[in-house]
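Taking this note's numbering, I'd label the letters of the sequence shown as residues 201 to 428.
The structure under discussion appears below in the form of structure tokens.
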Amino acid sequence: MQIKQYSAGAGWRRLGGVLALGIGLAIGFGAGLPGQRARAEGFDYYVLALSWNASWCRAEGDRRNAPQCDPRHDHGFLLHGLWPQGEDDWPEFCRSRGRDPSKRETRAMADIFGSGGLAWYQWKKHGRCSGMSSRDYFRLAREAYARVRRPEILRRIDTDMRLDPDVVEAAFLEENPGLDPDAIFVTCGDGLIREVRICLTRSLEPRACSHSARRDCRRSQALLPPMR
């Protein structure tokens with residue numbers, strides 16, 4: 201398989217132009233200790249993590265036979281999670297007096313999480329730390345996901361591409377004029393572009409990411425597989 205390559209220097213707009221010409225180019229933490237238990241509401245802002253489903257499936261989902269990897273679902277960026285984040289650390293697996301969501305409630309989130317099981321895990325690991333009920337947390341997560349425009353151009357890829365992660369970031373910045381570069385970063389793993397993460401205030405307005413949240417991709421290029 202031929203893998204196309206694309207650098208940030210050329211600008212992401214040129215990528216769209218190449219597509220329009222139809223010449224065959226293809227076109228969702230730091231100081232603390234992971235797993236620490238903390239009191240709910242002990243955080244400063246949120247990290248909205250959007251996972252590129254095709255990358256997750258290639259790295260993990262296919263070997264699990266994950267339902268979200270079935271091409272009939274046509275997933276692009278799914279919601280990995282809405283994570284409470286501190287300026288210097290982050291809470292996980294918090295104690296909560298609230299009722300856990302029912303299976304029906306988690307299944308209802310499968311359209312943006314990929315599966316009810318993934319929605320449940322995000323509630324258990326991160327949602328309990330919000331201090332909200334599961335209903336309110338999932339409502340907020342859905343609102344945050346809806347507020348961010350995912351670039352349509354990335355959904356139009358039809359073959360593996362090697363991209364400078366800055367190209368993906370630039371595409372999000374273009375689609376979301378209120379978003380500043382210090383509020384967004386792209387992550388990589390297994391040689392793949394994996395996620396776009398956006399920092400939001402507790403009222404879901406973009407804000408700068410603190411050092412504890414940033415995990416920028418350090419590759420000059422990484423693979424972006426096409427949607428299933």
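Note that CB positions come from ideal geometry on N, CA and C, so glycine has one too.
Suppose the cutoff is 7 Å on Cβ atoms and the five residues either side in sequence are ignored; what does the same chain contact list for residue i look like?
i: residue 391; result: 422, 423
i: residue 258; result: 392, 425
i: residue 378; result: 406
Assign residue i to one of two classes, buried (16 or more other C-beta atoms within 10 Å of its C-beta) or exposed (fewer than that).
i: residue 380; result: exposed
i: residue 352; result: exposed
i: residue 286; result: buried
i: residue 319; result: buried
i: residue 405; result: exposed
i: residue 261; result: buried
i: residue 271; result: exposed
i: residue 264; result: exposed
i: residue 339; result: exposed
i: residue 296; result: buried
i: residue 382; result: exposed
i: residue 255; result: buried
Can you tell which of the options has the C-alpha that lies nearest to the C-alpha of residue i?
i: residue 298; options: 385, 337, 394, 386; result: 337
i: residue 348; options: 375, 323, 365; result: 375
i: residue 278; options: 373, 344, 264; result: 344
i: residue 251; options: 276, 305, 258, 307; result: 276
i: residue 266; options: 360, 313, 326; result: 313
i: residue 426; options: 367, 354, 346; result: 354
Who are the Cβ neighbours of residue i in its own chain at under 6 Å, not counting the five residues just before and after it?
i: residue 414; result: 385
i: residue 419; result: 388
i: residue 410; result: 287
i: residue 306; result: 316, 319, 320
i: residue 237; result: Note that residue 237 scores 45 on pLDDT, short of 50, meaning its location in the model is unreliable and no value can be drawn from it.
i: residue 333; result: 298
i: residue 416; result: 385
i: residue 327; result: 337
i: residue 249; result: 280, 281, 395, 397
Just the Cα atoms here: how many angstroms apart are residue i and residue j?
i: residue 396; j: residue 369; result: 8 Å
i: residue 407; j: residue 268; result: 31 Å
i: residue 346; j: residue 246; result: 15 Å
So, for residue i: in the same chain, excluding its five sequence neighbours on each side, which residues have a beta-carbon less than 8 Å away from its beta-carbon?
i: residue 325; result: 281, 292, 293
i: residue 274; result: 427, 428
In chain order, which continuous runs of the beta strand (DSSP E) of length 3 or greater are located wholly inside the segment 312-365?
361-363
Can you give, in chain order, each stretch of the alpha helix (DSSP H) that sits fully within the segment 362-425 and has at least 4 residues?
365-375
Whole beta strand (DSSP E) runs in the segment 232-299 with 3 or more residues, listed along the chain?
245-252, 277-285
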